[in-house]
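Written out below as structure tokens is the structure these notes cover.
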Amino acid sequence: MKSPLAIALLLTSSIDAHAADLPSPLEDMDFLWNGTPSPELYELGRSLFFDPILSGNQNIACATCHDPARGTGDGVSLSIGEGGSGFGPERVTQDGVIGRVPRNAQPLYNIGARAYTSMFHDGRLELDHMSGFPSHLRSPAKEQLPEGLDNALTAQAMFPVLSAVEMAGQPGENPVADAVSKRDFNRAWRLLADRLAATPAYSDQFVVIFDDVEAPQDIRFDHAATAIAAFETVAFRSDWSRFDARLAGWPLNATEEAGLDLFYGKAGCSSCHSGPLLTDHEFHAIAVPQIGPGKDQGPDGSYAAHSGYPHRVEDQGRFNVTGENADLYAFRTPSLRNVALTGPWGHNGAFASLEDMVRHHLDAVASLASYTPAELQPLDTVIQPVRSRTGVSYQALSPMQRSTYDLRDIWVHSSERLRNEIARANTLAPVDLSDEEVSSILAFLETLTDPTAIDRSYLVPTVLPSGLPPQPGRDDACLTDIVPWVGAKALPGEAEDLPEPRCDDRGDKIQQ
Ligand code: HEC
Ligand code: HEC
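In structure tokens:
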């Protein structure tokens, strides 16, 4: 008798016009630690990922912006980091923030795949064996990045804690922020490692796990980063979608198959969204409109001249890393796994609907021209530093100052000259698709959703070694302490092994 798999393969072989283009399924070997770091390392990383102890003012964690119940993002176009309170679209800034994070929080699904050798929308952290930097990693920390980091994902975890607006806070607020503002990254990492060393429930774990940690004072921040990367690798692995079943031979329905055919054929999507992660890991300029404060890049001084703030409003993407004109406004092709869960879309969350994001690709320049800027989450209070002989203090902007400050969010898009530059850099050729074809592509994109990824709030620990409340906060009744399956894989036909969802969208317990 034939196995169900063999039968399914027979069934699909006839319809499989694009079999040659379809990637092979992901396997354990495709992931760091071969997909299975030790449970001790995973658990340490899990605590750290949800623990505000790693932020300068101990008020924000990695998971505040990478929420396992919000598509591993925060559900908003541009994150509100340090200084905010609450989560996702409900995050408020009554205590005052300096500004928003200039880019959309990236989803972390399958980020432990070895194929990710660059990190961030612009790949400014990347493995480069010719670079001469420690650990062969080129990054904004240059030679300050320590030796011995095993991979780009581990190195990435060294960075959010160095960002004033994400986790470190402002100079004058805490010693980590002070060190960061002097670009003394080693001191910032040292201070954070000292915090962990002074917390026995943490330091005991480091001593057990790492051969080169014999006593708490041997703990370095790269040990913490290693644990976080191990956690991310397991926790956010996501290859249980119907697309994965399709790769193993189970057919999709007719509309979805039509979408797949377009994606791998006429629509040309797979020329960039290729391979099992649906990304070529390359950088392309596709004229996504700019919203938000930008990265303080580019020669344009018009905003500064108008507002009096010495701030440049562009985000030039990959260009800022390579200096190559061909990289102007180019961003790394995002993975499309779980893409239906990871909105708003685009490097800055410019598109609030997945359909609009897909339609943008059909004629990027026309889409840019007709774009209306997405509404950003309001900032309640924006503060600015006031320096005096005794140090620095922070003051809320006046309503007058606020109105010119807020202009930065729409400055680039409002400028015909800057808009034209983004259009000129575009490399995406228009493609003519009917409404029905767009619907099929959207149906295909839905098959990339792994049902186990919709709500992974079971990852949020109930208690942390630091004693601080885990972020994002959850209704207690809903916190469970189950470890996700490690390595075990089945096809959706055998889904009984999945953990039952315990919480609905926003953390209310499902009656079972
Ligand atoms: C304030 C929100 C915020 C916090 C807190 C935060 N991140 Fe992020 N994360 C982002 C944003 C925004 C990006 C994209 C940044 C860019 O491209 O410049 C990102 C990018 C990443 C990436 C790169 C993914 C990729 O595809 O290249 C990883 C990995 C990551 N974050 C992990 C972490 C970890 C680990 C922590 C905690 C140590 C953390 N983040 C804290 C917002 C946040
Ligand atoms: C030339 C390469 C290229 C082609 C071809 C391409 N894309 Fe993209 N796609 C990108 C890049 C680059 C981005 C990110 C752009 C940005 O944020 O500035 C992106 C973003 C996306 C996003 C948003 C993902 C997210 O997480 O924000 C979706 C959805 C998407 N593409 C779907 C498609 C579909 C469907 C097609 C075929 C119709 C397609 N793409 C063709 C390069 C490409």
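Reminder that position 89 of the sequence shown reads as 296 in my numbering, one-by-one numbering, no gaps.
Every residue gets a Cβ at the ideal spot worked out from N, C-alpha and C, and that includes glycine.
Asked, Found
"Cβ contact (3+ pairs, closer than 8 Å) linking the segment 263 to 279 and the segment 301 to 318", "yes"
"Contact test: His-554 Cβ vs ligand 2 heavy atom, cutoff 7 Å", "yes"
"Span separating the alpha-carbon of Thr-687 from that of Thr-271", "Unreliable positioning characterises Thr-687 in this predicted model, as indicated by a pLDDT of 38, which lies under 50. The coordinate reading is nonetheless provided below. Each residue's alpha carbon lies about 18 Å from the other."
"Between the CA atoms of Asp-237 and Arg-449 - distance to the nearest angstrom", "19 Å"
"Residue range of the beta strand (DSSP E) that includes Leu-332", "332 to 334"
"Pairwise C-alpha distance: Asp-451 and Gln-584", "35 Å"
"Nonlocal neighbours in the same chain, by C-beta distance under 6 Å from His-567, ignoring five residues either side", "Ser-574"
"Cys-476 Cβ short of 7 Å to ligand 2 heavy atom set", "yes"
"Coarse secondary structure for Asp-682, derived from DSSP in three states", "Because the pLDDT at Asp-682 is just 49, under 50, the model does not fix this residue reliably, and the point stays unresolved."
"Neighbourhood of Ala-364 by C-beta, 7 Å cutoff - its chain only, sequence neighbours within 5 removed", "Ala-432, Ile-435 and Ala-436"
"Residues that DSSP places opposite Tyr-601 in a beta bridge", "Pro-592"
"Beta-carbon proximity of Ala-650 to Gly-466, cut-off 8 Å", "yes"
"In DSSP terms, what Pro-280 is bridged to", "Per the sequence presented here, residue 280 reads as Gly, with Pro not at that position. Answer is Asp-274."
"CB contact flag (Gly-376, Gly-263, <8 Å)", "yes"
"Heavy atom of ligand 1 within 7 Å of Pro-237 beta-carbon", "The question names Pro, but residue 237 in the sequence shown is Asp. Answer for Asp-237: no, Cβ out of range of ligand 1."
"Ala-511 and Arg-519 closer than 8 Å at C-beta", "yes"
"Simplified DSSP state of His-491, which is helix, strand or coil", "strand"
"Buried or exposed by the 16-neighbour rule on C-beta atoms within 10 Å, applied to Gly-252", "buried"
"Cβ pair Ala-547, Leu-652 closer than 8 Å", "yes"
"Asn-532, buried or exposed, once every other Cβ within 10 Å from all chains shown has been counted against 16", "exposed"
"Selection from Arg-615, Pro-606, Asn-527 and Ala-571 that minimises the alpha carbon distance to Phe-327", "Asn-527"
"Strand pairing of Leu-344, partner residues [DSSP]", "Leu-334"
"Straight-line Cα distance separating Thr-549 from Ala-581", "16 Å"
"CA-to-CA distance, Pro-309 to Tyr-612, given in whole angstroms", "14 Å"
"Cβ distance (whole Å) where Thr-440 is taken to contact Trp-240 below 8 Å", "6 Å"
"Three-state secondary structure (DSSP) of Asp-688", "Bear in mind that a pLDDT of 36 at Asp-688, under 50, signals an unreliable position, so the number given afterwards is only what the model happens to contain. Looking at Asp-688 - three-state DSSP - the assignment turns out to be coil, as it is neither helix nor strand."
"6 Å Cβ shell around Val-383 - same chain, five flanking residues per side excluded", "Gly-263, Ala-375, Ala-395 and Leu-398"
"Rounded distance between the beta-carbons of Asp-570 and Pro-637, thought under 8 Å", "4 Å"
"Contact test: His-491 Cβ vs ligand 4 heavy atom, cutoff 7 Å", "Ligands displayed in this structure: ligand 1 and ligand 2; ligand 4 is not among them."
"Helix, strand or coil at Gly-252 [DSSP, three-state]", "helix"
"Beta-carbon proximity check, Phe-428 vs Ala-400, cutoff 8 Å", "yes"
"Close-in-space but distant-in-sequence residues of the same chain around Ala-386 (CB under 6 Å, 5 per side omitted)", "Arg-394 and Ala-395"
"Ligand 2 heavy atom lying under 7 Å from the CB of Val-565", "yes"
"Bridge partner(s) assigned by DSSP for Ala-559", "Note: Ala-559 sits in no beta bridge, so no partner."
"Cut-off 8 Å between Cβ atoms - residues of its own chain near His-491, not counting five sequence neighbours on either side", "Cys-479, Ala-537, Phe-538, Thr-540, Thr-634 and Leu-635"
"The segment 365 to 373 in contact with the segment 288 to 303 per 3-pair CB rule at 8 Å", "yes"
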